[in-house]
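In my numbering, the protein residues as written are 1479 to 1700.
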């Protein structure tokens, strides 16, 4: 797995990183759910009815789960941890629209590091890309962020992977250029040649498009 080490600027990340914003929204939603479920648990117990105690148990379990998510998410998804654990991948701006731009990224979905690579195209809509030009073809080095973090996920392929631009972790253009140079020209060319597939990826059921290994450049074959 190709990783890219750099000093994450936390202030910059809090201001522009959309993954940080997503994590913050998730935590707020989990805390709100915990409060509502906790009040519901207290109310059901106050009713002092046999059936209400059964519902109270279910509500209490929901409260515990919501609290766990609220407390566990900031630790498990610390921005430095995500950048350190993610794989450096290429992404390009495929098109521009009112909400921002769409990134088309090339990712390896194989779970095991020693397994044969299974490359796929994925997309992500982003609102801002500091340090980059918001125009089609712009090369945007990124790192993968796993969404299927369950320890017993099924199958040999990761079910959900997104791309987080390096530019969301630092405002240093030298770092961004170093990340760009760490990705082979073959990968950048593969994305550039398939930029028109971004629309197909966005409408796919799995939000990804697996590439035929036999049609990949020789450098990318397992």
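Here a beta-carbon is modelled for each residue, glycine too, at the ideal position from N, C-alpha and C.
Being a predicted model, the structure only gives us computed values, none of them experimental.
Taking every protein chain shown into account, the CB of residue 1593 has fewer than 16 other CB atoms within 10 angstroms, so this residue is exposed. DSSP, reduced to helix, strand and coil, places residue 1587 outside both helices and strands of the structure shown, so it counts as coil. Under the three-state reduction of DSSP, residue 1624 is assigned to strand. Nearest to residue 1488 by C-alpha distance, out of 1507, 1514 and 1649, is 1649.
Distance from the CA of residue 1528 to the CA of residue 1535, rounded to the nearest whole angstrom, comes to 11 Å. In the DSSP assignment, residue 1681 falls within the unbroken alpha helix (DSSP H) covering 1676 to 1681. Of the other Cβ atoms in all chains shown, fewer than 16 fall within 10 Å of the Cβ of residue 1684; this residue is therefore exposed. The Cβ atoms of residue 1614 and residue 1572 sit closer than 8 Å to each other.
One thing to note: residue 1664 has its Cβ within 8 Å of the Cβ of residue 1698. Restricting attention to alpha helix (DSSP H) runs no shorter than 4 residues, the segment 1532 to 1580 encloses them at 1557 to 1563, ordered along the chain. Secondary structure at residue 1601: strand, using DSSP grouped into helix, strand and coil. A distance below 8 Å separates the beta carbons of residue 1599 and residue 1687.
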